[in-house]
Amino acid sequence: MAKRNFYEVLGIEKGATEDEIKKAFRKLAIKYHPDKNQGDKESEEKFKEINEAYQVLTDPQKKSQYDQYGTADFNGGDMGGNSGGFDFSDLGGFGDIFDSFFGGGGGGGGRRRGGPEKGADLESTLNLTFEEAVFGVEKEISINRSESCSTCNGSGAKVGTSPRTCDKCGGVGQVKVQRNTPLGSFVSMSTCDKCGGKGKIIADPCNVCHGSGKQRKNKRIKVNIPAGVDTGNVMPMRGQGEAGSSGGPSGDLYVNIRVVNHSIFKRKGFDIYIDQHISFSMATLGVELKVPTVDGDVKYVLPEGTQPGAIFRLKTKGVPHVNSHGRGDQYVNIIVDVPRNLNEKQKSALKLFMEASGELTDDNKKSFVNKIKSNFK
Numbered sequence: 235m236a237k238r239n240f241y242e243v244l245g246i247e248k249g250a251t252e253d254e255i256k257k258a259f260r261k262l263a264i265k266y267h268p269d270k271n272q273g274d275k276e277s278e279e280k281f282k283e284i285n286e287a288y289q290v291l292t293d294p295q296k297k298s299q300y301d302q303y304g305t306a307d308f309n310g311g312d313m314g315g316n317s318g319g320f321d322f323s324d325l326g327g328f329g330d331i332f333d334s335f336f337g338g339g340g341g342g343g344g345r346r347r348g349g350p351e352k353g354a355d356l357e358s359t360l361n362l363t364f365e366e367a368v369f370g371v372e373k374e375i376s377i378n379r380s381e382s383c384s385t386c387n388g389s390g391a392k393v394g395t396s397p398r399t400c401d402k403c404g405g406v407g408q409v410k411v412q413r414n415t416p417l418g419s420f421v422s423m424s425t426c427d428k429c430g431g432k433g434k435i436i437a438d439p440c441n442v443c444h445g446s447g448k449q450r451k452n453k454r455i456k457v458n459i460p461a462g463v464d465t466g467n468v469m470p471m472r473g474q475g476e477a478g479s480s481g482g483p484s485g486d487l488y489v490n491i492r493v494v495n496h497s498i499f500k501r502k503g504f505d506i507y508i509d510q511h512i513s514f515s516m517a518t519l520g521v522e523l524k525v526p527t528v529d530g531d532v533k534y535v536l537p538e539g540t541q542p543g544a545i546f547r548l549k550t551k552g553v554p555h556v557n558s559h560g561r562g563d564q565y566v567n568i569i570v571d572v573p574r575n576l577n578e579k580q581k582s583a584l585k586l587f588m589e590a591s592g593e594l595t596d597d598n599k600k601s602f603v604n605k606i607k608s609n610f611k
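Position 121, counted from 1, in the sequence shown is what this note's numbering calls 355; the numbers after and before it change by one each time, with no gaps.
Here it is as structure tokens:
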């Protein structure tokens, strides 16, 4: 069976640069590598094919020969039978990719597993009242986390003893494993089975943490909430998470803010909105109102003839900007209440008003109360 065009095998155009060839090969090699597709004969043959194409197209002499004559195998050699003809480390970081997929590259050193590791992050939810969120507050939260064992100081070893270096991996936490495949012999790194990847062996474990070097403890932490926070805000507290391993730093604690709704105030961004109910006569004649704000009641002079739905602004009576200067505003939405269940004196007074306004005539028999109600619907 005739061989496929090497450019087609790698999915590139003729005239591709060396970097483009390497990039194409890298992508396909990860997909079809035998270590990833063990027992898959089709993937194995595909890998041989792309390997052969790669070796030809990255060799200037063979590439020139192939481009001119359509073959580079003038000596009858089989270039696809073994992967030993190239070094994965030549591909610029390709060895690291093979480490992550297949447990090792072409025999290079492994990453040290027993080194310092940062502890896990934690999350906590903190409920605040509307006023606490607006003005800020100091709160205390309780979390359950792992901390460095106070008995062995995090070593995991019994007091008076120390962990010893693993004699199998030499403290690296990994050992080399050689695997023979149809493409040749591959050396990869595997977690040391004697120390579990820690690089150290504890002969006499601490009787408190049992060799883990950590203890579960309930911790109360003070949290300073700045003015202006809102639901959905997250406060990071560095170093307040789980304890690290092998001398690594502790993780972080993320405090999720949740603000309880207020019975009067509604918040939009840094502005506050409020509904203010007034009577028909107050809207008509004007009046000095006492308006509630988060700072306390303030006086506001309502002008004569205020219409239902009018909105007035109280500057800087809103929410402070978080960690900066300035505040939002408060908006007062006027709602005019139509009177109900009027007594005779009130009805007479409104009737006189309607007559003086020319609204109550012989041609208009509609009840004056209904007339007023219809005007304010």
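Glycine included, C-beta positions come from ideal geometry on N, C-alpha and C.
Three-way DSSP call (helix, strand, coil) for residue i in this model
i	result
GLN299	helix
ILE498	coil
ALA391	strand
LEU262	helix
ILE284	helix
GLN449	strand
THR365	It is Glu, not Thr, that sits at residue 365 in the sequence shown. Helix.
SER582	helix
PHE328	Model confidence at PHE328 stands at a pLDDT of 44, short of 50, so the residue's coordinates are unreliable; what they give is reported in the following sentence. In this structure, PHE328 counts as helix in the three-state DSSP scheme.
PRO470	strand
PRO268	coil
LEU244	helix
PHE322	Only weak support is given to the placement of PHE322: the predicted model assigns it a pLDDT of 45, under 50, and the value that follows is read from those uncertain coordinates. Looking at PHE322 - three-state DSSP - the assignment turns out to be helix.
ALA590	helix
SER484	coil
LEU576	coil
VAL463	coil
ASP253	helix
PRO294	helix
ARG238	coil
Proximity to residue i [Cα-Cα], best of the options
i	options	result
VAL406	PHE420, GLN412, SER424, ASN387	SER424
ALA477	ALA354, PHE281, ILE264, THR292	ALA354
GLY481	GLN295, SER446, SER515, ASN458	SER446
LYS453	GLN474, LYS502, LYS280	GLN474
LEU548	ILE506, ALA517, HIS559, ASN495	ILE506
ALA391	VAL409, VAL371, VAL442	VAL442
VAL535	VAL528, GLY485, LEU523	LEU523
PHE420	ILE246, LYS261, LEU594, LYS270	LYS270
TYR565	THR518, GLN510, CYS429, GLN295	GLN510
LYS257	GLU278, THR292, GLU276	THR292
GLY370	PHE546, VAL493, THR540	VAL493
SER513	VAL572, SER479, PRO526, PHE546	VAL572
THR550	ASN577, LYS265, ASN467, ARG561	ARG561
PHE499	ARG413, GLY485, VAL528, ILE491	VAL528
GLY552	VAL525, SER358, PHE504	PHE504
PRO470	LEU360, GLN272, GLY539, ALA367	LEU360
PRO350	GLU593, GLY431, GLY245	GLY431
ASP464	CYS440, GLN449, ASN490	ASN490
GLY304	GLU276, LYS261, LYS248, GLU252	LYS248
ILE568	LYS428, MET516, GLU381	MET516
Whole-number beta carbon distance between residue j and residue i, since they are thought to touch under 8 Å
i	j	result
GLU542	VAL570	Note on identity: in this sequence residue 542 is Pro, with Glu being the wrong assignment. Going by Cβ atoms, the distance from PRO542 to VAL570 rounds to 4 Å, so yes, they are a contact pair.
ARG379	LYS451	7 Å
CYS403	GLY433	6 Å
CYS383	VAL409	Contact doesn't hold; Cβ gap of about 28 Å is too wide.
ILE459	LEU362	7 Å
ASP438	THR395	5 Å
ILE435	PRO483	The Cβ separation is near 24 Å, so there is no contact.
GLY462	HIS555	6 Å
GLY294	PHE281	Checking the sequence, you will find Pro at residue 294 rather than Gly. No, PRO294 and PHE281 are not in contact; Cβ-Cβ is about 24 Å, not under 8 Å.
TYR300	PHE240	7 Å
SER358	LEU487	6 Å
TYR266	ILE284	7 Å
Residue i: CB within 7 Å of a non-hydrogen atom of the ligand ADP
i	result
LYS410	Because no ligand of any kind appears in the structure shown, any question about the ligand ADP cannot be addressed here.
Beta bridge counterpart(s) of residue i as assigned by DSSP
i	result
THR359	ASN490
GLU351	SER479
ASP571	SER513
LYS456	GLU374
Residue-chain proximity (residue i, chain B), Cβ-Cβ < 8 Å
i	result
VAL411	The structure shown contains no chain B, having only a single protein chain.
In chain order, what are the residue ranges of uninterrupted beta strand (DSSP E) at least 3 long that sit wholly in the segment 367-443? 371-382, 408-415, 418-425
Whole runs of the beta strand (DSSP E) within the segment 497-565, excluding any shorter than 3 residues: 500-502, 505-513, 521-525, 532-536, 545-548
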